Each structure stands twice: as structure tokens, then as C-alpha cells.
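Working notes, structure below.
Protein chains: 2
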Amino acid sequence: MHDTTDQHLFERVLQDNDQLADENRHHFDDMGAYVVNFMSAPGAGKTTLILELAKRLKDKLSVSVIEGDMVGDLDAERLRTAGVSAFQISTGRSCHLDAAMIARLLHATPHPEGQMIIIENVGNLVCPAEFPLGEHLRIVLLSVTEGDDKPIKYPVIFHNCDAVVLTKTDLIDHVDFNFETVEKTVKALNPKVELFKVSTKNGDGLDEFLAWLEARHSITLTASAV
Amino acid sequence: MHDTTDQHLFERVLQDNDQLADENRHHFDDMGAYVVNFMSAPGAGKTTLILELAKRLKDKLSVSVIEGDMVGDLDAERLRTAGVSAFQISTGRSCHLDAAMIARLLHATPHPEGQMIIIENVGNLVCPAEFPLGEHLRIVLLSVTEGDDKPIKYPVIFHNCDAVVLTKTDLIDHVDFNFETVEKTVKALNPKVELFKVSTKNGDGLDEFLAWLEARHSITLTASAV
Chain A
0 MHDTTDQHLF ERVLQDNDQL ADENRHHFDD MGAYVVNFMS APGAGKTTLI
50 LELAKRLKDK LSVSVIEGDM VGDLDAERLR TAGVSAFQIS TGRSCHLDAA
100 MIARLLHATP HPEGQMIIIE NVGNLVCPAE FPLGEHLRIV LLSVTEGDDK
150 PIKYPVIFHN CDAVVLTKTD LIDHVDFNFE TVEKTVKALN PKVELFKVST
200 KNGDGLDEFL AWLEARHSIT LTASAV
Chain B
0 MHDTTDQHLF ERVLQDNDQL ADENRHHFDD MGAYVVNFMS APGAGKTTLI
50 LELAKRLKDK LSVSVIEGDM VGDLDAERLR TAGVSAFQIS TGRSCHLDAA
100 MIARLLHATP HPEGQMIIIE NVGNLVCPAE FPLGEHLRIV LLSVTEGDDK
150 PIKYPVIFHN CDAVVLTKTD LIDHVDFNFE TVEKTVKALN PKVELFKVST
200 KNGDGLDEFL AWLEARHSIT LTASAV
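Protein sequence lines, in the order shown, are assigned to chains A and B.
Quick note on numbering: the first sequence equals residues 0 to 225 in numbering that gives the first Met the number 0.
Quick note on numbering: the second sequence equals residues 0 to 225 in numbering that gives the first Met the number 0.
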């Protein structure tokens, strides 16, 4: 929607969002909450992965989940059924969460609380990359069923994240997907990125990803305490 | 990006797009070109399906393909290698094609020509739904690996199309995906929609989809001739 005539306006929207994201970040830090933003195309398995993480983390940490969807609260209900505290944001016609939506939720009653807040963004590999929410960590999921060319075609989101989780690895024998190709492309875009291979179906790789997430949380807690 | 404050502007952008889409439609009709817009999430298999269709159609009809991607021309090159006439539009930061991008290409040298022009939109289940391009037919792909809840979560695009093609059906035994659930949801959103099940890997369903596409093309040719 941002033709050259609308370029200036789009830049203003991004600047406003960045400022609100900074305010959210302070808010999260004051709450003592570590915030992780999960992004991917529709159907890469964000909700299922978040459900697994929340279940495994909840005995160690207090966890809330924020679900972003155009309409409905299917995913939030799915989490609540599993005993996870979940809050729904309906984005309507917007193809991503923005910092203002998160700010409004943080000032609502009730609002997400806990030592870790997990955000599930709208399924989209383009716009969520340009709209930070105040999160501490940005994770991009890529399902092996989507093809190994996606980091080339959607470079911004893979450049602008802390980790890439390759999901549905149980299907690897049935699809054309080369892990080395993806690793090479993603590392060229983003040399410091961490890569994980995960299947929520057979549990492969979940422990490694969870250990990394907990380690990052501890680093932030220590840094905040100094 | 369209917060309430930007709602008015967003409506203006959509109106401008609708007007340009109408102009494109007249342009296509004057050219005698039947235009089909393919939309889906990233990795649902648009390029592979389009490649199959273009190869099978090109002995009967003259066909051009317009590829929309944020960056690069991977998909256009893939089509050209197979002998298909292909034109790339780079959308940059935009998460969808718009009517202005198509209009510019139609006035460029060289530009797409032929009795059928196939457009591959940017991989995104949200915004392409609200930006008509002047096409005669709108097709949405949904891969069985994405999950059968997608029409509930992204209703606008499934409401606003002529056919839904369920792709990668060769993987059906390895995923949780219920055809009846999807058919029920999609038909509730869009009673007149056609549904197809296709695998480009084993060829299942391709003949049926192609026959429907050719029939629609003939209907339009006949209607134009009257």
C-alpha cells in the first residue's frame, strides 16, 4: 500500500511505531517481563510451538501469551484450554501487530503478566519485520514445507531477527528442502542469527531451542539486575 | 499499519487502487487478455502450479506470467527457463501487488501479452485480498501443510475469490488437515466458490483444475464477443 506518494507517510507510521515500541520496552522492563515475538508465514506452526514452550516453561516461570489474529480467538482458546494464560488481539484488516495494539493491551484489565510474555504475530513474512513491538527477542519460524527459497524472497524478516526455527522437520523426507541452502542464505543476511531444527510432532530439537530461550532470559535478567 | 487515525487514508488508498484496477481491466479487455490472479501464503506452491499450467496451456493459448516478489526474480527466471514468458515486479517493502504496479508494467516495453495473463501475487493471506489488480479471476491456494483453520483466521481472502485450490495433497497422510472442515468453512464464507484438490508432485487434480480454468476463459471470450 506504500506507493512513492505514500512513502513519506509510511516512514512517519514506522517512526511513530518505533517510539511506541520503545515505550512498551520500558513498560516490559518495569514489569520484569522478558518478551519474545514469534513471526512466520501462516501455518508454519507458531501456535503449536508456543503451546509446547508454555507448557514446559510454566513450572519454572510465569508465562503469558499474546495472540495476534485478524479475527476470532481460536489460538488463544487453544492455549487457555491447555492452562496457559492467553490474551487475544484482533488486528482486523491489518496484516501485523503494531506497538499501539500492544500498548493498549498492556493498559487493559486484565493484561498480560509474568516473567515471560510470548507474542504470536499475525501469519505474514513481510510487514511484522518492520513493526517492532517492544520485544526483547525476535524469532522467525520457517516450515520445511514452505521451501528453502523463502529467506531469499522475504529477506527483511530473516535479517531482522535473533533466531530462525525450521519447523515440521518430521516431513523432511517428503519435501524438497535443503537445510544447508537455508543456513547459508540466512547466515549471509544475518551472521549472528541462531538456527534450530524442530518438530513438535516427534519432539526433535525442542530441548535445544528451549535451553537457548531460557539462557537468553537469564542473560537479560542478569543484565537488568546489574 | 492502519490504526484508527490512518483509517481514512487507508480507505482513500483502497479507492485509488479500485479505480486503477478498473482501468487495468479495460486495458486487459482491449488486449483480449484473460487475467488470473493467484494468491496464497508463502510456500503454498503458487509458482510450481503456475509453471504446470503455463506449460500445459501454451500449445493452446499464448500465455504470459507476472511475478510479484519483494526482491529478486527467482520465480520469473524459473518460468523463463521452462520457456514461459515471465515479467518480474519487485514490490520492495510492500506486502502485495497493487493496481499501479500492474498499470506501470502494462505501459512498459516489453510488457505482458497473450490470451491469458497469469499473475502471481506476493505470498500473503491478508493484503492481496483488498487490492484488486484488474483481473478476471481470483484464485487462492492453501497447502494442506498449513492447517485447516486458515480460512477461519484469514476470512477476507477466502470470501473474496472465485476458487480455492488445496495444494500438496500428496502430503495429506502426514499432516492434520480435514478437507471437509475446510470445504464447510470456505463455502460458508463464499457459497459460489469452486474447490479443487491438487498435487503438482503426483499430478492429482491438475486436469480438473485446468479444465475449469479453460472453461472460464471460454465463457469470458464468448461474453466479450457478444
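Where a beta carbon is used, it is the ideal one built from N, C-alpha and C, also for glycine.
Just so we're clear, the structure is a prediction, and the values are computed from it rather than from any experiment.
Beta-carbon separation (whole angstroms), residue i vs residue j, contact threshold 8 Å
i: L124(B); j: G202(A); result: Actually they are not in contact, since the Cβ atoms of L124(B) and G202(A) sit about 29 Å apart, beyond 8 Å.
i: N36(B); j: I118(B); result: 5 Å
i: V139(B); j: I156(B); result: 6 Å
i: V181(A); j: D147(A); result: 5 Å
i: G44(A); j: N120(A); result: Actually they are not in contact, since the Cβ atoms of G44(A) and N120(A) sit about 14 Å apart, beyond 8 Å.
i: S39(A); j: V70(A); result: Actually they are not in contact, since the Cβ atoms of S39(A) and V70(A) sit about 19 Å apart, beyond 8 Å.
i: L188(B); j: P154(B); result: 6 Å
i: G42(A); j: E145(B); result: 3 Å
i: L114(A); j: A32(A); result: The residue you asked about is not Leu; residue 114(A) is Gln in the sequence shown. Yes, they are in contact, since the Cβ atoms of Q114(A) and A32(A) sit about 6 Å apart, within 8 Å.
Closer than 8 Å to chain A by CB, residue i
i: G202(B); result: no
i: L8(B); result: yes
i: L170(B); result: yes
i: S89(B); result: no
i: S217(B); result: no
i: K149(B); result: yes
i: E134(B); result: no
Closest by C-alpha distance to residue i, when choosing among the options
i: S142(B); options: F176(B), S93(B), L96(B), Q6(B); result: F176(B)
i: D169(B); options: D169(A), V174(A), K167(A), T168(A); result: V174(A)
i: G91(A); options: E129(B), T46(B), P190(B), L140(B); result: E129(B)
i: T85(B); options: L73(B), T199(B), H216(B); result: The displayed chain sequence assigns Ala, not Thr, to residue 85(B). Considering only alpha carbons, the answer is L73(B).
i: V34(B); options: K57(B), N23(B), A210(B), L165(B); result: N23(B)
i: L132(B); options: L8(B), A81(B), H7(B), Q18(B); result: Q18(B)
i: T108(A); options: Q87(A), Q6(A), P127(A), Q14(A); result: Q87(A)
i: L136(B); options: L104(B), T184(B), V192(B), A75(B); result: V192(B)
i: H25(A); options: L105(A), H110(A), A40(A), P150(A); result: L105(A)
i: E10(B); options: S93(A), H216(A), R103(A), M38(A); result: S93(A)
i: E134(A); options: K183(A), T219(A), V70(A), E179(A); result: T219(A)
i: N29(A); options: E112(A), M100(A), A75(A); result: Residue 29(A) is actually Asp in this sequence, not Asn. It is E112(A).
i: A98(A); options: R77(A), V12(A), H110(A); result: V12(A)
i: N21(B); options: T166(B), L165(B), A102(B); result: A small correction: the amino acid at residue 21(B) is Asp; Asn does not occupy that position in the sequence shown. Checking every option, the nearest Cα to that of D21(B) belongs to A102(B).
i: P127(A); options: I171(A), L96(A), K149(A), M100(A); result: L96(A)
i: F27(A); options: K152(A), A75(A), H110(A); result: H110(A)
i: E179(B); options: D206(B), P150(B), H216(B); result: P150(B)
Neighbour flag for residue i against chain B, beta carbons, 8 Å
i: M0(A); result: Reliability of the predicted coordinates at M0(A) is poor, the pLDDT of 45 falling under 50, and no value is obtained from them.
i: V225(A); result: Any answer about V225(A) is weak, because its pLDDT of 45 lies below 50 and its placement is not dependable; what the coordinates show is given next. False, the Cβ-Cβ gap to chain B never drops below 8 Å.
i: Y153(A); result: yes
i: L104(A); result: no
i: R92(A); result: yes
i: N123(A); result: yes
i: P41(A); result: yes
i: H158(A); result: no
i: G146(A); result: yes
i: H25(A); result: no
i: M69(A); result: yes
i: E112(A); result: no
i: V73(A); result: Correcting the residue identity first, residue 73(A) is Leu in this sequence and not Val. For L73(A), the answer is yes, since a Cβ of chain B falls inside 8 Å of its Cβ.
i: L165(A); result: no
i: S84(A); result: no
i: S63(A); result: no
i: S198(A); result: no
i: E129(A); result: yes
i: K45(A); result: no
i: L19(A); result: no
Residue i Cβ short of 7 Å to the ligand NAP heavy atom set
i: K167(A); result: The ligand content of the structure shown is nil, which means the ligand NAP is not present either.
Counting only runs that start and end within the stretch 152-187 of chain A, where is the beta strand (DSSP E) found for 3 or more residues in a row? Contiguous beta strand (DSSP E) elements confined to the stretch 152-187 of chain A occur at 162-166, taking only those with 3 or more residues.
Using 8 Å as the threshold, is the stretch 51-66 of chain A in touch with the stretch 44-54 of chain B, meaning 3 or more CB pairs across them? The answer is no - the stretch 44-54 of chain B does not touch the stretch 51-66 of chain A, with fewer than three Cβ pairs under 8 Å.
Would you call the stretch 59-79 of chain A and the stretch 154-170 of chain A touching, i.e. three or more CB-CB distances under 8 Å? With a cut-off of 8 Å, the stretch 154-170 of chain A and the stretch 59-79 of chain A do not count as touching, because too few Cβ pairs lie within range.
Taking contact to mean at least 3 C-beta pairs separated by less than 8 Å, is the stretch 184-202 of chain B in contact with the stretch 39-51 of chain B? A contact exists between the stretch 184-202 of chain B and the stretch 39-51 of chain B.
Return the chain-ordered ranges of every alpha helix (DSSP H) run that is complete within the stretch 49-82 of chain B and spans a minimum of 4 residues. Segments of the alpha helix (DSSP H) lying fully in the stretch 49-82 of chain B: 73-80.
In the stretch 5-45 of chain B, which residue ranges form an unbroken beta strand (DSSP E) of at least 3 residues, counting only runs that do not cross its ends? The qualifying runs are 33-38.
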